[in-house]
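In our numbering, the protein residues as written are 1299 to 1855.
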Ligand code: SRM
Ligand code: SF4
């Protein structure tokens, strides 16, 4: 087992938390502050929420000797990212009543609401619960929201594969009833045997644990960025099983060379549901037993895999599962972006993918996206599926209803908004960053749109505007918009400064590398101008920017 002589503080908090109860109830009753107790801030993460404060207002409030403006962010658990129209209406209403109003689609196929004050947490969770929605385990050292390739046109057996997201999520749910007790007022469990948890015990995992399922040829889930990645193997429209990859994870820490981004390593093929689920479960138990519980910076599965070695890991997994995984089967990814506009699946149902810039659903001066989606939901004729590229698919629309739904989208100019947005913008993603993220060093979602407006004319000058370059930005090196898996990435180092990374491939199978450090906007634009000029002149037919960057040796990957 792992050496963990000096447990990190969070480990101690978890073990002392009485199965994730902590003193949350007491914290909620404390009317003197909008915050909760420090230890409880770690415990509520397992209930899907984070304490935050408005960083835009820190200085002004400090000058007035006021406490920070505390509020909470709540993230929903939505395996595969699907909600019904009734659930959409609920989320829309709850967002309006209890949060900033913005419905934020995340890079892991779910939504989160920001700006919920302490007294509104319970009403929010209760309202979600009435709509059969919960936020259990969407944060914390535990299995997170399980991803699945979102577009049903990807495969005639999409539903069958999609169902695995739910099965995996259920299998890896914590057994504690703390969530129901604290937020939904259910009776306290008297006999603790009822919440005995053979997987998580009282320590949970050493760190967050992420699982994604990709359905080739689209790697829209960025499957290799997950702790466990499953690649569906389909032959003659039949699911044969899953290739399993382990040890993906993207976070790095500036100035800490021990941290690194890593793509998951394929370890074998599971040919049945039973074997797939058993393998996932035991990968989690190995990480539970061998993961680093002293240094949280080195606690993800990727470090356990590299420390123990991939062969050791496979042997340990065989010991725990009682079977040997078959050799990896062939698969091919050809793309990673969403299929915008109307698409039909093999059952004749229609899907409209809407472009949502950085996943922010709101009504602003340019477009009333939130109202449009609300009006679609009110018809009851479409489901909603979130994508890992922070977009939403208006889903499962029958041939009969398509014209009516299309009429709503046209009325709100969603069709022209999606069609006429440039390819570079549609292929971009930014994380939340300021003002809510406590870890942000620089802007991301508030800044990338304007930076892209300055990059577009450069691309146009070299006739590259429709080139499908994938560009991503984060406000710090934690990697929430998966920047290291992009062809071009901006990683915040300080206000207005970014490291520029280039050389990732288009399908998420090669990480990019640092090209220039600490750049400000003018340097970024000059640098890109130079790179695009050479790319436009010297690339081979069909060669992507990322591949070209490597061939030119601008970076060594
Ligand atoms: Fe993330 C922490 C937002 C996907 C790696 N992430 C955070 C926090 C909660 C900041 C914090 O710890 O207080 C951010 C909240 C910002 C806010 O105000 O909302 C945050 N992460 C996000 C989201 C919302 C970004 C977005 O704009 O969509 C994504 C939510 C996903 C979800 O629904 O669960 C999000 N985060 C990711 C991803 C991408 C992915 O999973 O595909 C990564 C990189 C992949 C990975 O995990 O390796 C990622 N987030 C991190 C890390 C670094 C973890 C590590 O291994 O060290 C942190 C910091 C931490 O955990 O200590 C972090
Ligand atoms: Fe915050 Fe950094 Fe994640 Fe962006 S990448 S949301 S700044 S933790």
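The beta carbon of each residue, even a glycine, is placed where N, CA and C say it ideally should be.
For residue i, the nearest candidate out of the options (CA to CA)
| i | options | result |
| --- | --- | --- |
| residue 1521 | 1563, 1487, 1607, 1776 | 1563 |
| residue 1703 | 1672, 1806, 1458, 1722 | 1672 |
| residue 1843 | 1760, 1389, 1331 | 1760 |
| residue 1822 | 1841, 1836, 1806, 1800 | 1800 |
| residue 1451 | 1437, 1392, 1637, 1406 | 1637 |
| residue 1603 | 1779, 1513, 1584 | 1584 |
| residue 1714 | 1470, 1665, 1389, 1751 | 1665 |
| residue 1576 | 1632, 1623, 1387 | 1623 |
| residue 1729 | 1721, 1716, 1745, 1717 | 1745 |
| residue 1428 | 1384, 1409, 1317 | 1384 |
| residue 1470 | 1578, 1631, 1722 | 1578 |
| residue 1355 | 1732, 1684, 1753 | 1732 |
| residue 1523 | 1812, 1313, 1805 | 1805 |
| residue 1661 | 1828, 1394, 1468, 1486 | 1394 |
First through last residue of the beta strand (DSSP E) which encompasses residue i
| i | result |
| --- | --- |
| residue 1550 | Taken as a continuous stretch (DSSP letters only), residue 1550 belongs to no beta strand (DSSP E), as it is neither H nor E. |
| residue 1694 | 1690-1695 |
| residue 1816 | 1811-1817 |
| residue 1433 | From DSSP, residue 1433 is part of no beta strand (DSSP E); its letter is neither H nor E. |
| residue 1793 | It is not in any beta strand (DSSP E) - residue 1793 carries neither H nor E in the DSSP assignment. |
| residue 1772 | 1769-1772 |
| residue 1369 | 1368-1373 |
Whole-angstrom distance between residue j and residue i, CA atom to CA atom
| i | j | result |
| --- | --- | --- |
| residue 1412 | residue 1658 | 11 Å |
| residue 1667 | residue 1710 | 7 Å |
| residue 1580 | residue 1504 | 15 Å |
| residue 1311 | residue 1481 | 20 Å |
| residue 1456 | residue 1679 | 20 Å |
| residue 1819 | residue 1534 | 50 Å |
| residue 1546 | residue 1708 | 41 Å |
| residue 1776 | residue 1512 | 23 Å |
| residue 1328 | residue 1321 | 11 Å |
| residue 1324 | residue 1849 | 59 Å |
| residue 1307 | residue 1717 | 50 Å |
| residue 1375 | residue 1684 | 12 Å |
| residue 1349 | residue 1463 | 28 Å |
Extent of the continuous alpha helix (DSSP H) run through residue i
| i | result |
| --- | --- |
| residue 1396 | 1383-1396 |
| residue 1356 | 1356-1361 |
| residue 1873 | With the chain covering 1299 to 1855 only, the question about residue 1873 has no answer from this structure. |
| residue 1648 | Premise fails: residue 1648 lies in the beta strand (DSSP E), 1648-1652, not in any alpha helix (DSSP H). |
| residue 1254 | The first residue shown for the chain is 1299 and the last is 1855, placing residue 1254 beyond what the model contains. |
| residue 1749 | 1746-1759 |
| residue 1723 | 1721-1724 |
| residue 1539 | No alpha helix (DSSP H) holds residue 1539; the beta strand (DSSP E) holding it covers 1536-1544. |
| residue 1848 | 1843-1849 |
Buried or exposed by the 16-neighbour rule on C-beta atoms within 10 Å, applied to residue i
| i | result |
| --- | --- |
| residue 1447 | buried |
| residue 1304 | exposed |
| residue 1364 | exposed |
| residue 1737 | exposed |
| residue 1574 | buried |
| residue 1386 | buried |
| residue 1388 | buried |
| residue 1838 | exposed |
| residue 1554 | exposed |
| residue 1865 | One cannot answer for residue 1865 here, as it falls past the ends of the chain, which runs 1299 to 1855. |
| residue 1488 | exposed |
Name all residues in chain order for which at least one heavy atom of the ligand PLP lies closer than 5 Å to the residue's CB. Here the bound small molecules are the ligand SRM and the ligand SF4; the ligand PLP is not part of this structure.
Along the chain, which unbroken stretches of the beta strand (DSSP E) at least 3 residues long are found entirely within the region 1303-1353? 1347-1351
Please specify which runs of the alpha helix (DSSP H), each continuous and at least 4 residues long, are wholly inside the region 1582-1655, giving them in chain order. 1599-1606, 1608-1619
Could you give the uninterrupted runs of the alpha helix (DSSP H) lying entirely in the region 1442-1528, keeping only those of 4 residues or more? 1456-1469, 1476-1482
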